[in-house]
Amino acid sequence: MTAFPRKPALVFILAALAAMAAAPARAQSAAAEGQKLAFDRGKGNCLTCHVIKGGDLPGTIGPELKDIKAKYPDRNELVAILFDETRRNPQTMMPPFGRNRILTEQEINAIVDFLQSL
Amino acid sequence: MEARSAIWLGSALAALAALAFTAPHVIAADKIDTATEAKAFQNFFFQKFPNVKHEDFVNGPYSMNEDMKRQWQEKEEFPPYEFALDAGKEMFATPFKNGKTYADCFPNGGIGIRQNYPYFDEKEGKVVTLELALNRCREANGEAPYSYVKDEMASLTAYMAFTSRGKLMDIKIPDDPRALEAYENGKRYFYTRRGQMNFSCASCHVQSPGERIRAEVLAPALGIMNALPIYRSEWSGMGTTTRRLMTCNSQTRAVPLEPQSDEYRDVEYFLSYVANGLPISGPGARP
């Protein structure tokens, strides 16, 4: 019977721990999902043009993607670049992933999470 | 007119400006000075790559990358297109069932004439490529046409290119408004963005030659037809001009056109014309 009073406390502690872990874990899994989408040849295929940490056989058409958070603190800017970079630069080679429906809004958001981890 | 201006504005404007095609949609109504345009096109590449010898532009990616060039030159000792050359030579010499040969269909018996293709045929009012002329020769002699993408067609054009190596590209635009329109149409096709990826031919071959797209080094548009047909390790075999154009289209998730469609004929005409004065280097070998 002595175990009973301790159990709610344990549950509480576990719950609190879980809550503390949950936020970064969610961000981490979104970034991991974003990385998968970014590297997938049938999806972002970003390595065609960009050097990205963790990716093989990168192209050289675009700049290396690093220190992204410092350069673009506002994630909306990144979403806009992925949605349609021709708005910023009509001559760009970067495909309009959102406008041409190569990626969904959700996929773009996951990739932006990944970019912010670089 | 409206639509055409939109295409021009929407397509690689910077590239156009760099090539000094000043307001082409305005000039298009008047007669275009194609010779001046070709000169500007060449100068754009000569200035962008001052260290590349002019005659080297015909070697595709190898003109852009010293390491690749060295590997290629070593490979040329045992060229992977040799089997195609041998096959092409033999096919060329073998009579059709009616006793005639390919030589009967072409000027100079088909030897050393690659630099004159494609040409504008004033009777038909259209551009005729070497591949098209070969199949027409076959059909005129009661033979079935070959596939436009590889094998026999690649062997025949490989042999014809080989007998023309070093000859300078010499494409004419006759004084015929339809010829000028074919050239213009080819140019328009070249600079127009298309497909889900929104690339034009110029995105890759004018804006980014020498850059890597994944592992491949992009060839410059100048002299880009001179080395065809090519052996590609990635194809494990030979490919024709048609095959290369279809591959470029499908790799960018655009829909490839029918072989020898007007657009392909015209873009080959445009790209060959602006390469006038550069040597034939085909057949080529590519990684």
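Going down the list, the sequences are from chains S and X.
Take the first sequence: its letter number 13 is residue 13 in this note's numbering, and every next letter is one higher.
If you count the second sequence from 1, you need to add 118 to reach this note's numbering.
Note that CB positions come from ideal geometry on N, CA and C, so glycine has one too.
Quick one: does I61 of chain S have its CB under 8 Å from some CB of chain X?
yes
Hey, is L37 of chain S's beta-carbon within less than 8 Å of any beta-carbon in chain X?
no
Excluding sequence positions up to five away, which residues of its chain have a Cβ less than 8 Å from the Cβ of R87 of chain S?
A80
P73 of chain S CB to nearest chain X CB: under 8 Å?
Taking Cβ atoms only, chain X never reaches closer than 8 Å to P73 of chain S, which makes this a no.
Backbone CA spacing between A110 of chain S and E334 of chain X [nearest angstrom]
So the two alpha carbons sit approximately 28 Å from each other.
Amino acids of chain S, ordered along the chain, whose beta-carbon sits closer than 8 Å to that of R306 of chain X:
Chain S residues near R306 of chain X: none, gap ~17 Å exceeds 8 Å.
Simplified DSSP state of A237 of chain X, which is helix, strand or coil:
The residue you asked about is not Ala; residue 237 of chain X is Tyr in the sequence shown. Three-state result, Y237 of chain X: strand.
Mind the definition here: the segment 206-225 of chain X touches the segment 349-367 of chain X only if three or more C-beta pairs lie below 8 Å; say whether that holds.
no
If you draw a straight line from the C-alpha of L131 of chain X to the C-alpha of P292 of chain X, how long is it?
Reliability of the predicted coordinates at L131 of chain X is poor, the pLDDT of 37 falling under 50, and no value is obtained from them.
Would a check of beta-carbon distances place I102 of chain S closer than 8 Å to chain X?
Answer yes: the Cβ-Cβ gap between I102 of chain S and chain X drops below 8 Å somewhere.
Per-residue DSSP class, three states only, for V170 of chain X
coil
Within 8 Å of any Cβ in chain X, is that where the Cβ of C132 of chain S sits?
Nothing can be reported for residue 132 of chain S: it is not among the residues displayed for chain S, which extend from 1 to 118.
Cα-Cα separation between L252 of chain X and K285 of chain X, rounded to whole angstroms
20 Å
Measure from the C-beta of A258 of chain X to each C-beta in chain S and report whether the shortest distance is under 8 Å.
no
Does F317 of chain X come within less than 8 Å of chain S when only Cβ atoms are used?
yes
Since I believe A158 of chain X is in contact with N394 of chain X (beta carbons under 8 Å), could you give me their beta-carbon distance rounded to a whole number of angstroms?
Taking C-beta atoms under 8 Å as the contact rule, N394 of chain X and A158 of chain X fail to qualify, at a distance of about 13 Å.
If S399 of chain X and R312 of chain X are in contact, beta carbons under 8 Å, what's the gap, nearest whole angstrom?
In fact, because the Cβ distance is near 28 Å, the residues do not count as touching under 8 Å.
Can you tell which of S:G44, S:R41 and S:T60 has the C-alpha that lies nearest to the C-alpha of H50 of chain S?
S:T60
Can you list, in chain order, the residues of its chain whose CB lies under 6 Å from that of Q35 of chain S, leaving out five sequence neighbours each side?
F114
May I ask you to verify whether the segment 184-191 of chain X touches the segment 240-250 of chain X, counting CB pairs closer than 8 Å and requiring at least 3?
no
Just to make sure I have the definition right: I need the residues of chain X whose C-beta is within less than 8 Å of the C-beta of L65 of chain S. Which are they?
Residues of chain X passing the Cβ test: none, with the nearest at roughly 15 Å.
Pairing CB atoms from the segment 304-318 of chain X with CB atoms from the segment 380-393 of chain X, are three or more of them under 8 Å?
yes
Please name the residue or residues paired with M343 of chain X in a DSSP beta bridge.
According to DSSP, which records beta bridges pairwise, M343 of chain X is partnered with nothing at all.
State the DSSP-derived secondary structure class of V79 of chain S, mapped to helix, strand or coil.
helix
Applying the criterion that 16 or more other CB atoms from any shown protein chain within 10 Å of the CB defines a buried residue, is P401 of chain X buried or exposed?
buried
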